[in-house]
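**Student:** Before I ask anything, let me first share the structure, which is written out below as C-alpha coordinates.
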Amino acid sequence: MIIQTNSWKVTFSVYRLCWWFFSNKLILVIIRNSLSQVYRQGLQAIPLSVDLWLHYINFLKETLDSNNPETDAKIKSVFEHAVLAAGTDFRSDRLWETYINWESDRGNLEEVTAIYDRILGIPTQLYSHHFQRFRDHVQNHLPKDLISPEDFINLRQELASTNEHFDNDGTPRNDLAAKIDINDPARIVSEIENMRHRIIEVRQEIYNHNENEVSRRWAFEEGIKRPYFHVKPLEKAQLKNWKDYLDFEIENGTLERVVVLFERCLVACALYEDFWIKYAKYMENHSNEGVRHVFSRACTVHLSKKPMVHLLWAAFEEQQGNINEARRILKTLEESVPGLAMVRLRRVSLERRHGNIDEAEFLLQDAIKNSKTPNESSFYAVKLARLLFKVEKSLPKARKVLVEAIDIDKITFCNVLTHWIISNDFILLPYTMLCTAGLSKTNATSPWKPKCKLLTRLGI
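In numbering that gives the first Met the number 0, the protein residues as written are 0 to 459.
Structure (C-alpha coordinates):
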(Lines of atoms letter the chains of each structure in order from A; the text may use other names.)
(Lines give C-alpha, C1' and ligand atoms only; values in the text may rest on other atoms or scores of the structure.)
Protein backbone atom coordinates (compact mmCIF):
# COMPACT_ATOMS: atom_id res chain seq x y z
CA MET A 0 0.00 0.00 0.00
CA ILE A 1 1.46 3.36 -0.99
CA ILE A 2 0.56 6.47 0.93
CA GLN A 3 1.39 9.81 -0.63
CA THR A 4 2.94 12.46 1.58
CA ASN A 5 -0.18 14.61 2.06
CA SER A 6 -2.42 11.58 2.61
CA TRP A 7 -0.05 10.24 5.24
CA LYS A 8 -0.07 13.56 7.11
CA VAL A 9 -3.87 13.71 7.07
CA THR A 10 -4.18 10.13 8.27
CA PHE A 11 -1.65 10.76 11.04
CA SER A 12 -3.47 13.89 12.24
CA VAL A 13 -6.79 12.02 12.52
CA TYR A 14 -5.72 8.56 13.70
CA ARG A 15 -2.73 9.25 15.94
CA LEU A 16 -3.47 6.35 18.24
CA CYS A 17 -3.41 3.62 15.58
CA TRP A 18 0.09 2.34 16.31
CA TRP A 19 -0.13 -0.31 13.59
CA PHE A 20 -0.32 2.47 11.03
CA PHE A 21 3.23 3.47 11.90
CA SER A 22 4.66 -0.03 12.24
CA ASN A 23 3.01 -1.92 9.37
CA LYS A 24 5.78 -2.92 7.00
CA LEU A 25 3.38 -2.86 4.04
CA ILE A 26 3.22 0.90 4.25
CA LEU A 27 5.65 2.74 2.02
CA VAL A 28 5.98 6.38 2.88
CA ILE A 29 7.06 8.44 -0.11
CA ILE A 30 9.47 10.62 1.83
CA ARG A 31 13.01 9.45 1.24
CA ASN A 32 14.95 8.59 4.42
CA SER A 33 12.02 9.70 6.59
CA LEU A 34 10.87 6.42 8.10
CA SER A 35 12.75 7.25 11.29
CA GLN A 36 10.83 10.52 11.45
CA VAL A 37 7.55 8.63 11.07
CA TYR A 38 8.45 6.41 14.02
CA ARG A 39 9.38 9.40 16.17
CA GLN A 40 6.10 11.13 15.36
CA GLY A 41 4.22 7.97 16.18
CA LEU A 42 6.03 7.58 19.50
CA GLN A 43 5.38 11.20 20.34
CA ALA A 44 1.66 10.58 19.79
CA ILE A 45 1.59 7.19 21.56
CA PRO A 46 4.54 6.99 23.97
CA LEU A 47 2.92 4.08 25.84
CA SER A 48 2.85 1.78 22.82
CA VAL A 49 5.22 -1.08 23.62
CA ASP A 50 4.71 -2.51 20.14
CA LEU A 51 5.72 0.73 18.46
CA TRP A 52 8.83 1.08 20.62
CA LEU A 53 9.89 -2.47 19.75
CA HIS A 54 9.30 -1.85 16.05
CA TYR A 55 11.39 1.30 16.23
CA ILE A 56 14.22 -0.47 18.07
CA ASN A 57 14.22 -3.29 15.53
CA PHE A 58 14.28 -0.70 12.77
CA LEU A 59 17.37 0.90 14.32
CA LYS A 60 19.07 -2.48 14.69
CA GLU A 61 18.51 -3.18 11.00
CA THR A 62 19.53 0.21 9.66
CA LEU A 63 22.34 1.45 11.93
CA ASP A 64 25.93 0.46 11.16
CA SER A 65 26.90 -2.26 13.63
CA ASN A 66 30.59 -1.34 13.22
CA ASN A 67 29.99 2.21 14.34
CA PRO A 68 31.01 2.58 18.02
CA GLU A 69 28.11 5.00 18.57
CA THR A 70 25.46 2.50 17.46
CA ASP A 71 25.18 0.71 20.80
CA ALA A 72 24.95 4.02 22.65
CA LYS A 73 22.17 5.13 20.29
CA ILE A 74 20.16 1.95 20.78
CA LYS A 75 20.68 2.00 24.55
CA SER A 76 19.46 5.59 24.63
CA VAL A 77 16.29 4.54 22.79
CA PHE A 78 15.79 1.65 25.20
CA GLU A 79 16.05 4.08 28.12
CA HIS A 80 13.54 6.44 26.55
CA ALA A 81 11.25 3.46 25.94
CA VAL A 82 11.27 2.15 29.51
CA LEU A 83 10.88 5.66 30.91
CA ALA A 84 7.85 6.25 28.71
CA ALA A 85 6.20 2.81 28.77
CA GLY A 86 8.10 0.76 31.34
CA THR A 87 5.54 1.18 34.10
CA ASP A 88 2.72 -0.08 31.91
CA PHE A 89 1.26 -3.29 33.35
CA ARG A 90 1.82 -4.98 29.99
CA SER A 91 5.32 -3.70 29.28
CA ASP A 92 7.04 -7.05 29.92
CA ARG A 93 8.16 -7.61 26.32
CA LEU A 94 9.93 -4.27 26.30
CA TRP A 95 11.87 -5.07 29.48
CA GLU A 96 12.77 -8.56 28.26
CA THR A 97 14.04 -7.19 24.97
CA TYR A 98 16.20 -4.67 26.81
CA ILE A 99 17.59 -7.37 29.12
CA ASN A 100 18.34 -9.73 26.21
CA TRP A 101 20.09 -6.95 24.29
CA GLU A 102 22.38 -6.13 27.22
CA SER A 103 22.97 -9.82 27.92
CA ASP A 104 24.00 -10.48 24.31
CA ARG A 105 26.68 -7.83 24.72
CA GLY A 106 27.94 -9.35 27.93
CA ASN A 107 26.88 -6.40 30.07
CA LEU A 108 25.89 -8.52 33.05
CA GLU A 109 26.13 -5.65 35.50
CA GLU A 110 23.69 -3.65 33.34
CA VAL A 111 21.37 -6.65 33.22
CA THR A 112 21.29 -6.75 37.03
CA ALA A 113 20.54 -3.03 37.15
CA ILE A 114 17.61 -3.51 34.77
CA TYR A 115 16.26 -6.34 36.92
CA ASP A 116 16.52 -4.06 39.96
CA ARG A 117 14.14 -1.68 38.18
CA ILE A 118 11.61 -4.16 36.77
CA LEU A 119 11.31 -6.22 39.97
CA GLY A 120 9.70 -3.23 41.70
CA ILE A 121 7.18 -2.48 38.95
CA PRO A 122 3.77 -4.22 38.94
CA THR A 123 3.59 -5.97 35.56
CA GLN A 124 1.73 -8.93 34.18
CA LEU A 125 4.77 -11.26 34.15
CA TYR A 126 6.30 -10.09 37.43
CA SER A 127 6.96 -13.67 38.65
CA HIS A 128 8.58 -14.61 35.34
CA HIS A 129 11.02 -11.72 35.71
CA PHE A 130 12.00 -12.82 39.20
CA GLN A 131 12.61 -16.38 38.05
CA ARG A 132 14.80 -15.14 35.21
CA PHE A 133 16.68 -12.96 37.67
CA ARG A 134 17.37 -15.99 39.87
CA ASP A 135 18.70 -17.87 36.85
CA HIS A 136 20.81 -14.85 35.94
CA VAL A 137 22.42 -14.84 39.40
CA GLN A 138 22.94 -18.59 39.52
CA ASN A 139 24.57 -18.75 36.09
CA HIS A 140 27.21 -16.06 36.66
CA LEU A 141 29.80 -15.13 39.23
CA PRO A 142 28.78 -12.39 41.68
CA LYS A 143 31.75 -10.21 40.72
CA ASP A 144 30.31 -9.97 37.18
CA LEU A 145 26.79 -9.12 38.30
CA ILE A 146 27.32 -6.06 40.48
CA SER A 147 29.66 -3.08 40.58
CA PRO A 148 33.10 -3.46 42.23
CA GLU A 149 32.01 -1.23 45.11
CA ASP A 150 28.89 -3.30 45.75
CA PHE A 151 30.92 -6.47 45.45
CA ILE A 152 33.39 -5.36 48.14
CA ASN A 153 30.55 -4.20 50.38
CA LEU A 154 28.78 -7.50 49.96
CA ARG A 155 31.90 -9.48 50.88
CA GLN A 156 32.36 -7.34 53.96
CA GLU A 157 28.72 -7.88 54.90
CA LEU A 158 29.29 -11.62 54.74
CA ALA A 159 32.59 -11.38 56.61
CA SER A 160 31.29 -13.26 59.64
CA THR A 161 30.83 -16.39 57.54
CA ASN A 162 33.72 -15.88 55.18
CA GLU A 163 37.06 -17.29 56.19
CA HIS A 164 38.88 -14.73 54.09
CA PHE A 165 37.83 -11.89 56.46
CA ASP A 166 38.67 -10.98 60.02
CA ASN A 167 35.91 -10.59 62.56
CA ASP A 168 35.81 -6.83 62.04
CA GLY A 169 35.21 -7.33 58.31
CA THR A 170 38.66 -6.08 57.26
CA PRO A 171 40.07 -8.02 54.31
CA ARG A 172 43.06 -10.17 55.12
CA ASN A 173 46.21 -10.31 53.09
CA ASP A 174 44.74 -12.87 50.72
CA LEU A 175 42.06 -10.41 49.61
CA ALA A 176 44.55 -7.58 49.49
CA ALA A 177 46.67 -9.80 47.27
CA LYS A 178 43.66 -10.04 44.96
CA ILE A 179 42.90 -13.72 45.35
CA ASP A 180 41.56 -15.20 42.18
CA ILE A 181 37.90 -15.56 43.04
CA ASN A 182 37.38 -17.54 39.84
CA ASP A 183 38.82 -20.56 41.66
CA PRO A 184 35.61 -22.34 42.73
CA ALA A 185 37.56 -24.87 44.77
CA ARG A 186 38.55 -22.18 47.30
CA ILE A 187 35.53 -19.94 47.50
CA VAL A 188 32.47 -22.00 46.53
CA SER A 189 30.89 -21.31 49.89
CA GLU A 190 31.50 -17.58 49.60
CA ILE A 191 30.10 -17.43 46.08
CA GLU A 192 26.97 -19.30 47.08
CA ASN A 193 26.50 -17.05 50.09
CA MET A 194 26.86 -13.98 47.92
CA ARG A 195 24.39 -15.34 45.39
CA HIS A 196 21.94 -16.11 48.14
CA ARG A 197 22.29 -12.60 49.58
CA ILE A 198 21.84 -10.94 46.18
CA ILE A 199 18.61 -12.86 45.63
CA GLU A 200 17.44 -12.37 49.21
CA VAL A 201 17.60 -8.58 48.95
CA ARG A 202 15.50 -8.64 45.75
CA GLN A 203 13.11 -11.17 47.29
CA GLU A 204 11.82 -8.50 49.67
CA ILE A 205 11.17 -6.16 46.75
CA TYR A 206 9.49 -8.98 44.84
CA ASN A 207 7.16 -9.80 47.74
CA HIS A 208 6.00 -6.20 48.00
CA ASN A 209 5.54 -6.03 44.24
CA GLU A 210 3.52 -9.25 44.27
CA ASN A 211 1.07 -7.63 46.67
CA GLU A 212 0.75 -4.57 44.41
CA VAL A 213 0.08 -6.78 41.39
CA SER A 214 -2.66 -8.71 43.21
CA ARG A 215 -4.45 -5.45 44.06
CA ARG A 216 -4.54 -4.46 40.39
CA TRP A 217 -5.06 -7.82 38.74
CA ALA A 218 -8.88 -7.68 38.63
CA PHE A 219 -8.80 -4.24 37.01
CA GLU A 220 -6.30 -5.41 34.41
CA GLU A 221 -8.41 -8.46 33.64
CA GLY A 222 -11.35 -6.13 32.98
CA ILE A 223 -9.49 -4.30 30.20
CA LYS A 224 -10.62 -6.10 27.06
CA ARG A 225 -9.65 -3.44 24.51
CA PRO A 226 -6.48 -1.57 25.50
CA TYR A 227 -6.02 -0.13 22.01
CA PHE A 228 -7.77 2.73 20.21
CA HIS A 229 -10.83 2.09 18.05
CA VAL A 230 -13.56 4.32 16.70
CA LYS A 231 -16.22 1.89 17.91
CA PRO A 232 -17.66 2.74 21.35
CA LEU A 233 -16.51 0.81 24.40
CA GLU A 234 -18.89 -1.34 26.41
CA LYS A 235 -20.28 0.18 29.59
CA ALA A 236 -18.56 -2.48 31.68
CA GLN A 237 -15.16 -1.49 30.31
CA LEU A 238 -15.82 2.21 30.85
CA LYS A 239 -16.79 1.48 34.45
CA ASN A 240 -13.68 -0.65 34.90
CA TRP A 241 -11.45 2.19 33.68
CA LYS A 242 -13.19 4.63 36.03
CA ASP A 243 -12.86 2.32 39.04
CA TYR A 244 -9.23 1.57 38.19
CA LEU A 245 -8.41 5.28 37.98
CA ASP A 246 -10.14 5.97 41.29
CA PHE A 247 -8.16 3.15 42.91
CA GLU A 248 -4.83 4.37 41.56
CA ILE A 249 -5.55 7.98 42.51
CA GLU A 250 -6.23 6.85 46.08
CA ASN A 251 -3.37 4.36 46.41
CA GLY A 252 -0.78 4.99 43.72
CA THR A 253 2.00 7.47 43.10
CA LEU A 254 1.79 10.43 40.73
CA GLU A 255 3.80 8.54 38.12
CA ARG A 256 1.54 5.49 38.21
CA VAL A 257 -1.62 7.62 38.09
CA VAL A 258 -0.35 9.55 35.08
CA VAL A 259 0.64 6.35 33.26
CA LEU A 260 -2.76 4.81 33.93
CA PHE A 261 -4.51 7.93 32.65
CA GLU A 262 -2.39 7.79 29.52
CA ARG A 263 -3.25 4.12 29.03
CA CYS A 264 -6.92 4.87 29.58
CA LEU A 265 -6.90 7.71 27.07
CA VAL A 266 -5.65 5.41 24.34
CA ALA A 267 -8.74 3.24 24.57
CA CYS A 268 -11.05 6.05 25.73
CA ALA A 269 -9.68 8.90 23.62
CA LEU A 270 -13.15 9.88 22.39
CA TYR A 271 -14.73 10.12 25.85
CA GLU A 272 -14.42 13.63 27.24
CA ASP A 273 -15.27 12.54 30.80
CA PHE A 274 -11.87 10.86 31.12
CA TRP A 275 -10.01 13.87 29.72
CA ILE A 276 -11.81 16.13 32.18
CA LYS A 277 -11.02 13.75 35.06
CA TYR A 278 -7.36 13.76 34.02
CA ALA A 279 -7.22 17.55 33.86
CA LYS A 280 -8.86 17.93 37.28
CA TYR A 281 -6.37 15.49 38.78
CA MET A 282 -3.45 17.42 37.33
CA GLU A 283 -4.74 20.68 38.84
CA ASN A 284 -3.23 19.58 42.16
CA HIS A 285 0.18 18.95 40.63
CA SER A 286 0.98 21.09 37.58
CA ASN A 287 -0.73 23.91 35.70
CA GLU A 288 1.34 23.06 32.64
CA GLY A 289 0.14 19.47 32.96
CA VAL A 290 -3.48 20.64 33.00
CA ARG A 291 -2.86 22.81 29.95
CA HIS A 292 -1.18 19.92 28.11
CA VAL A 293 -4.12 17.60 28.81
CA PHE A 294 -6.70 20.15 27.64
CA SER A 295 -4.63 20.98 24.57
CA ARG A 296 -4.37 17.35 23.47
CA ALA A 297 -8.06 16.74 24.09
CA CYS A 298 -9.29 19.84 22.26
CA THR A 299 -6.88 20.00 19.35
CA VAL A 300 -6.52 16.30 18.54
CA HIS A 301 -9.28 14.04 19.82
CA LEU A 302 -12.28 16.16 20.83
CA SER A 303 -12.18 19.16 18.54
CA LYS A 304 -15.99 19.36 18.47
CA LYS A 305 -16.84 18.47 22.07
CA PRO A 306 -17.94 21.71 23.79
CA MET A 307 -17.64 20.84 27.48
CA VAL A 308 -13.91 20.15 27.52
CA HIS A 309 -13.30 23.37 25.55
CA LEU A 310 -15.38 25.39 27.99
CA LEU A 311 -13.46 23.96 30.93
CA TRP A 312 -10.16 24.72 29.21
CA ALA A 313 -11.24 28.32 28.61
CA ALA A 314 -12.33 28.63 32.25
CA PHE A 315 -8.96 27.27 33.39
CA GLU A 316 -7.03 29.75 31.25
CA GLU A 317 -9.20 32.58 32.54
CA GLN A 318 -8.42 31.55 36.12
CA GLN A 319 -4.72 31.65 35.27
CA GLY A 320 -5.11 35.17 33.91
CA ASN A 321 -4.67 34.15 30.26
CA ILE A 322 -7.72 36.06 29.01
CA ASN A 323 -6.63 36.19 25.37
CA GLU A 324 -6.05 32.44 25.35
CA ALA A 325 -9.52 31.88 26.82
CA ARG A 326 -10.97 34.09 24.06
CA ARG A 327 -9.08 32.13 21.42
CA ILE A 328 -10.31 28.77 22.74
CA LEU A 329 -13.95 29.83 22.75
CA LYS A 330 -13.71 31.48 19.34
CA THR A 331 -12.04 28.40 17.85
CA LEU A 332 -14.74 26.16 19.29
CA GLU A 333 -17.50 28.37 17.87
CA GLU A 334 -15.86 28.30 14.45
CA SER A 335 -15.57 24.53 14.64
CA VAL A 336 -19.14 23.98 15.87
CA PRO A 337 -21.15 27.04 14.88
CA GLY A 338 -24.57 27.77 16.30
CA LEU A 339 -24.04 26.59 19.89
CA ALA A 340 -25.79 29.08 22.17
CA MET A 341 -23.78 28.02 25.23
CA VAL A 342 -20.53 28.95 23.51
CA ARG A 343 -21.73 32.35 22.35
CA LEU A 344 -23.11 33.11 25.83
CA ARG A 345 -19.83 31.99 27.41
CA ARG A 346 -17.98 34.43 25.17
CA VAL A 347 -20.40 37.19 26.18
CA SER A 348 -19.94 36.40 29.88
CA LEU A 349 -16.16 36.39 29.49
CA GLU A 350 -16.18 39.87 27.97
CA ARG A 351 -18.66 41.17 30.56
CA ARG A 352 -16.58 39.88 33.48
CA HIS A 353 -13.55 41.75 32.20
CA GLY A 354 -15.35 45.01 31.51
CA ASN A 355 -15.60 44.73 27.72
CA ILE A 356 -19.29 45.55 27.61
CA ASP A 357 -19.17 46.88 24.06
CA GLU A 358 -17.71 43.58 22.84
CA ALA A 359 -20.31 41.60 24.80
CA GLU A 360 -23.09 43.71 23.26
CA PHE A 361 -21.58 43.25 19.80
CA LEU A 362 -21.47 39.45 20.21
CA LEU A 363 -25.16 39.34 21.10
CA GLN A 364 -26.12 41.67 18.28
CA ASP A 365 -24.12 39.55 15.89
CA ALA A 366 -25.90 36.44 17.18
CA ILE A 367 -29.30 38.09 16.59
CA LYS A 368 -28.25 39.18 13.11
CA ASN A 369 -27.00 35.72 12.10
CA SER A 370 -29.78 33.71 13.72
CA LYS A 371 -31.24 31.09 11.45
CA THR A 372 -34.70 31.00 13.04
CA PRO A 373 -37.01 33.56 14.70
CA ASN A 374 -36.86 31.54 17.91
CA GLU A 375 -33.08 31.83 18.02
CA SER A 376 -33.23 35.54 17.33
CA SER A 377 -35.73 36.05 20.14
CA PHE A 378 -33.55 34.05 22.52
CA TYR A 379 -30.53 36.28 21.94
CA ALA A 380 -32.71 39.41 22.03
CA VAL A 381 -33.77 38.56 25.56
CA LYS A 382 -30.13 38.04 26.53
CA LEU A 383 -29.14 41.38 25.00
CA ALA A 384 -32.00 43.19 26.72
CA ARG A 385 -30.98 41.74 30.05
CA LEU A 386 -27.37 42.80 29.50
CA LEU A 387 -28.43 46.34 28.64
CA PHE A 388 -30.73 46.59 31.62
CA LYS A 389 -28.72 44.78 34.31
CA VAL A 390 -25.18 45.82 33.35
CA GLU A 391 -25.47 49.07 31.39
CA LYS A 392 -28.48 50.20 33.45
CA SER A 393 -30.20 51.39 30.29
CA LEU A 394 -33.91 50.65 30.44
CA PRO A 395 -34.74 52.47 27.15
CA LYS A 396 -32.17 50.49 25.17
CA ALA A 397 -33.34 47.21 26.71
CA ARG A 398 -36.99 48.05 25.92
CA LYS A 399 -36.06 48.98 22.34
CA VAL A 400 -34.37 45.60 21.77
CA LEU A 401 -37.39 43.73 23.09
CA VAL A 402 -39.88 45.80 21.09
CA GLU A 403 -37.92 45.20 17.88
CA ALA A 404 -37.75 41.48 18.65
CA ILE A 405 -41.48 41.33 19.30
CA ASP A 406 -42.20 43.06 15.99
CA ILE A 407 -40.18 40.39 14.22
CA ASP A 408 -41.43 37.37 16.15
CA LYS A 409 -44.73 38.04 17.91
CA ILE A 410 -45.79 34.40 18.15
CA THR A 411 -42.67 33.31 19.99
CA PHE A 412 -42.84 36.15 22.47
CA CYS A 413 -46.50 35.42 23.18
CA ASN A 414 -45.46 31.90 24.14
CA VAL A 415 -42.29 32.82 25.96
CA LEU A 416 -43.22 35.96 27.90
CA THR A 417 -45.74 34.64 30.38
CA HIS A 418 -45.92 38.04 32.00
CA TRP A 419 -44.09 41.29 32.50
CA ILE A 420 -44.13 42.99 35.85
CA ILE A 421 -43.42 46.67 35.59
CA SER A 422 -42.82 48.54 38.84
CA ASN A 423 -40.74 51.68 39.29
CA ASP A 424 -39.19 51.24 35.86
CA PHE A 425 -38.12 47.67 36.76
CA ILE A 426 -38.83 44.91 34.25
CA LEU A 427 -38.88 41.33 35.52
CA LEU A 428 -38.06 38.91 32.72
CA PRO A 429 -38.97 35.56 34.21
CA TYR A 430 -37.08 32.33 33.74
CA THR A 431 -39.54 31.27 31.03
CA MET A 432 -38.01 33.91 28.74
CA LEU A 433 -34.73 32.07 28.92
CA CYS A 434 -36.10 28.67 28.03
CA THR A 435 -36.21 27.40 24.51
CA ALA A 436 -38.32 29.70 22.39
CA GLY A 437 -41.76 28.29 21.75
CA LEU A 438 -42.26 26.74 25.22
CA SER A 439 -45.95 26.60 25.99
CA LYS A 440 -47.42 28.11 29.14
CA THR A 441 -48.55 24.75 30.42
CA ASN A 442 -44.99 23.41 30.24
CA ALA A 443 -43.33 26.62 31.40
CA THR A 444 -41.16 26.14 34.46
CA SER A 445 -41.37 28.33 37.52
CA PRO A 446 -39.27 31.50 37.50
CA TRP A 447 -37.95 30.55 40.94
CA LYS A 448 -35.06 28.23 40.07
CA PRO A 449 -32.06 27.09 42.08
CA LYS A 450 -29.31 29.58 42.72
CA CYS A 451 -26.92 28.11 40.16
CA LYS A 452 -29.43 28.52 37.34
CA LEU A 453 -30.26 32.02 38.51
CA LEU A 454 -26.60 33.00 38.40
CA THR A 455 -26.30 31.55 34.90
CA ARG A 456 -29.40 33.46 33.84
CA LEU A 457 -27.88 36.70 35.09
CA GLY A 458 -24.63 35.97 33.26
CA ILE A 459 -22.55 35.60 36.43
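All C-beta atoms in this analysis are idealised placements derived from N, C-alpha and C, irrespective of residue type, glycine included. Quantities reported herein were computed from a predicted structural model and do not represent experimental measurements.
Between the region 92 to 111 and the region 272 to 284, can you find at least three pairs of beta-carbon atoms closer than 8 Å?
**Tutor:** The region 272 to 284, when compared against the region 92 to 111, does not touch it at the 8 Å Cβ threshold.
**Student:** Start and end of the alpha helix (DSSP H) containing I223?
**Tutor:** That residue, I223, is in no alpha helix (DSSP H); it is neither H nor E in DSSP.
**Student:** Who are the Cβ neighbours of A218 in its own chain at under 8 Å, not counting the five residues just before and after it?
**Tutor:** none
**Student:** Run through DSSP, which three-state label would G320 get?
**Tutor:** Under the three-state reduction of DSSP, G320 is assigned to coil, being neither helix nor strand.
**Student:** How about R202 and L125: are their beta carbons less than 7 Å apart?
**Tutor:** No, the pair does not count as a contact, with Cβ atoms beyond the cut-off.
**Student:** Who are the Cβ neighbours of N369 in its own chain at under 8 Å, not counting the five residues just before and after it?
**Tutor:** none
**Student:** So, does the region 73 to 89 touch the region 128 to 141, judging by three or more C-beta pairs under 8 Å?
**Tutor:** Output reads no: the region 128 to 141 does not touch the region 73 to 89.
**Student:** Take G252 and list the residues in its own chain whose beta-carbon comes closer than 7 Å to its own, dropping the five residues that flank it on each side.
**Tutor:** none
**Student:** Quick one: residues in its chain with C-beta nearer than 7 Å to the C-beta of E248, no 5 flanking neighbours on either side, listed in chain order?
**Tutor:** Within the same chain, E248 has close Cβ partners R256, V257, L260.
**Student:** According to DSSP, simplified to helix, strand and coil, what is G41?
**Tutor:** helix
**Student:** Under 8 Å: do the region 143 to 162 and the region 211 to 225 share three or more Cβ pairs, one atom per stretch?
**Tutor:** no
**Student:** With 16 other CB atoms within 10 Å as the buried threshold, where does T123 fall?
**Tutor:** Classification of T123: buried, given that the 10 Å Cβ count is 16 or more.
**Student:** In chain order, which continuous runs of the alpha helix (DSSP H) of length 4 or greater are located wholly inside the region 38 to 125?
**Tutor:** 49 to 62, 70 to 85, 92 to 104, 108 to 118
**Student:** How far does the alpha helix (DSSP H) with S295 in it extend, from its first residue to its last?
**Tutor:** 287 to 296
**Student:** Going by beta carbon distance, what residues of the same chain come within less than 8 Å of A236, once the five residues before and after it are set aside?
**Tutor:** G222
**Student:** Could you give the DSSP three-state label for P232: helix, strand or coil?
**Tutor:** coil
**Student:** My understanding is that A404 touches A380, with C-beta atoms under 8 Å, so please give their C-beta distance in whole angstroms.
**Tutor:** 4 Å
**Student:** Considering just the uninterrupted stretch of the alpha helix (DSSP H) at V336, what are its terminal residues?
**Tutor:** From DSSP, V336 is part of no alpha helix (DSSP H); its letter is neither H nor E.
**Student:** Taking the straight line between their C-alpha atoms, what separation do you get for L324 and C268?
**Tutor:** Looking at the sequence provided, one finds Glu at residue 324 rather than Leu. In a straight line, the C-alpha of E324 is about 27 Å away from that of C268.
**Student:** Could you give the DSSP three-state label for A269: helix, strand or coil?
**Tutor:** coil
**Student:** If I measure Cβ to Cβ from L311 and keep anything under 8 Å in the same chain, skipping five residues before and after, which residues do I get?
**Tutor:** I276, A279, F294
**Student:** Can you tell me where the alpha helix (DSSP H) holding S377 begins and where it ends?
**Tutor:** 373 to 389
**Student:** Going by Cα to Cα distance, which pick from I356, H285, V336 is closest to L254?
**Tutor:** When each option's Cα is compared against that of L254, the closest is H285.
**Student:** Are the Cβ atoms of A85 and L47 separated by less than 7 Å?
**Tutor:** In terms of Cβ geometry, A85 and L47 form a close pair [threshold 7 Å].
**Student:** Would you tell me roughly how many angstroms separate the C-alpha atoms of N139 and A44, rounded to the nearest one?
**Tutor:** 41 Å
**Student:** Anyone know if the C-beta pair for K304 and S335 falls short of 7 Å?
**Tutor:** yes
**Student:** First and last residue of the alpha helix (DSSP H) that includes N139?
**Tutor:** Note, N139: premise wrong, no alpha helix (DSSP H); not H, not E.
**Student:** In this structure, how does DSSP classify T299 when only helix, strand and coil are distinguished?
**Tutor:** helix
**Student:** Leaving out five residues on either side along the sequence, give the residues of the same chain with a beta carbon under 7 Å from the beta carbon of K75.
**Tutor:** none
**Student:** Would you kindly report the start and end of the unbroken alpha helix (DSSP H) that includes L363?
**Tutor:** 356 to 368
**Student:** In terms of residue numbering, what span does the alpha helix (DSSP H) encompassing N153 cover?
**Tutor:** Boundaries of the alpha helix (DSSP H) harbouring N153: 148 to 157, taken from the DSSP string.
**Student:** Starting from K396, follow the alpha helix (DSSP H) in both directions and report where the run begins and ends.
**Tutor:** 394 to 407
**Student:** Rounded C-beta distance between L329 and R352? I'm assuming under 8 Å.
**Tutor:** Taking a contact as a CB-CB distance under 8 Å, the pair L329 and R352 does not count as one, their CB atoms being some 13 Å apart.
**Student:** Would you say M307 and E272 are within 7 Å of each other, going by their C-beta atoms?
**Tutor:** yes
**Student:** Can you tell me which of the three DSSP states N284 falls into?
**Tutor:** coil
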